[in-house]
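Residue numbers for the sequence shown follow numbering that gives the first Met the number 0, beginning at 0 and rising by one.
Working notes, structure below.
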Amino acid sequence: MKRFLSPALFGVVIVMFAMPFMLVSCSGQQQTSISGLQLVTGTEVGAGMSSQHIGSQPAVLLALALAIAGVALGFARFGWRNVAATVAGAIGAVALYLWSNAAVQSIEQQGLQAQKGDGLNWAMLFFLAAAGVSAYLAVDARRQQPAEGSQRLSSPASPEGGAARNKASGARFCPHCGTPAPSEGRFCGSCGGSLE
């Protein structure tokens, strides 16, 4: 179950892109709020002759792509998926942080006030949470692997199709990825494959 926590957190990041990322005001009056999706696709800000086109923001687009990749990595079945999800979460948070600081500075140079929106702040927080959970899962999976030099199965799959057991130690291994599996579990903690 903990395996799906990381993709769920990345999913929350994607939802945050619908919320305001940037609030722009002039003389204390809020002029507009710009969502993360508007920053990805580009948008018109203002009305009439004073409207201004804001093009697609590459850093925000990168962050959205990393959030989507984080969800996909949660369902992948290769050994380094948790490390890749950790990197995706960290880069996504840093990309949004750096972009937001540059955007606030750019808006304020035009004589307007800018404030980071809740969607941006929550997206950065959930990116970091997803990176933390993924890092924990990566370390946990590594800790469950047998140490170098210990007895290992020559073939992780048993002839019956279920989880294999090492005859010398009685340890149980996943038939899909070969990592040690808990004796009472039905699914592998590393790859999520069935142990039955």
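Using N, Cα and C, we set each Cβ at its ideal position, and we do this for glycine too.
* Asked: Just the Cα atoms here: how many angstroms apart are N91 and S182?
  -> Counting from 1 along the sequence shown, the entry for residue 91 is found at position 92. Counting from 1 along the sequence shown, the entry for residue 182 is found at position 183. Sequence inspection shows Gly at residue 91; the Asn mentioned does not correspond to that position. Rounded to the nearest whole angstrom, the C-alpha separation of G91 and S182 is 37 Å.
* Go through its chain and collect everything with a Cβ distance to H52's Cβ below 6 Å, but skip five positions before and after it. => Counted from its first residue, the sequence shown places residue 52 at position 53. E43.
* Which word fits R141, buried or exposed, when buried means at least 16 other C-beta atoms lie within 10 angstroms of its C-beta? -> The residue given as residue 141 occupies position 142 in the sequence shown. Result: exposed.
* **Separation of T31 from L72, as counted between CA atoms** => Here residue 72 refers to the residue found at position 73 of the sequence shown. Here residue 31 refers to the residue found at position 32 of the sequence shown. Straight-line Cα distance between these residues: approximately 35 Å.
* To do: Compute the Euclidean distance between the alpha carbons of P57 and L97, then round it to the nearest angstrom.
  => As a position in the sequence shown, residue 57 is number 58, starting the count at 1. As a position in the sequence shown, residue 97 is number 98, starting the count at 1. The alpha-carbon atoms of P57 and L97 are separated by roughly 12 Å.
* Locate the alpha helix (DSSP H) running through T31, then write down its first and last residues. => Within the sequence shown, numbered from 1, the residue matching residue 31 stands at position 32. Where T31 is concerned, there is no enclosing alpha helix (DSSP H), although the beta strand (DSSP E) around it starts and stops at Q28 to S34.
* Asked: How long is the line joining the alpha carbons of F172 and G191, rounded to whole angstroms?
  -> Taking the first residue of the sequence shown as 1, we reach residue 172 at position 173. Taking the first residue of the sequence shown as 1, we reach residue 191 at position 192. If I take the Cα positions, the gap works out to 12 Å.
* Asked: Helix, strand or coil: how does DSSP classify L65 here?
  -> Position 66 of the sequence shown, counted from the start, is the residue given in the question as residue 65. Note: L65 maps to helix in three-state DSSP.
* CB contact flag (A101, V23, <7 Å) -> Start at 1 with the first residue of the sequence shown, and residue 101 comes out as number 102. Start at 1 with the first residue of the sequence shown, and residue 23 comes out as number 24. Result no, Cβ atoms of A101 and V23 do not sit closer than 7 Å.
* Asked: Considering only residues of the same chain and omitting the five flanking positions on each side of V14, which have a CB-CB separation below 7 Å?
  -> For the purposes of this step, residue 14 is identified with residue 15 of the sequence shown, where counting begins at 1. Non-local C-beta neighbours of V14 in its own chain, meaning closer than 7 Å and more than five positions away in sequence, are absent.
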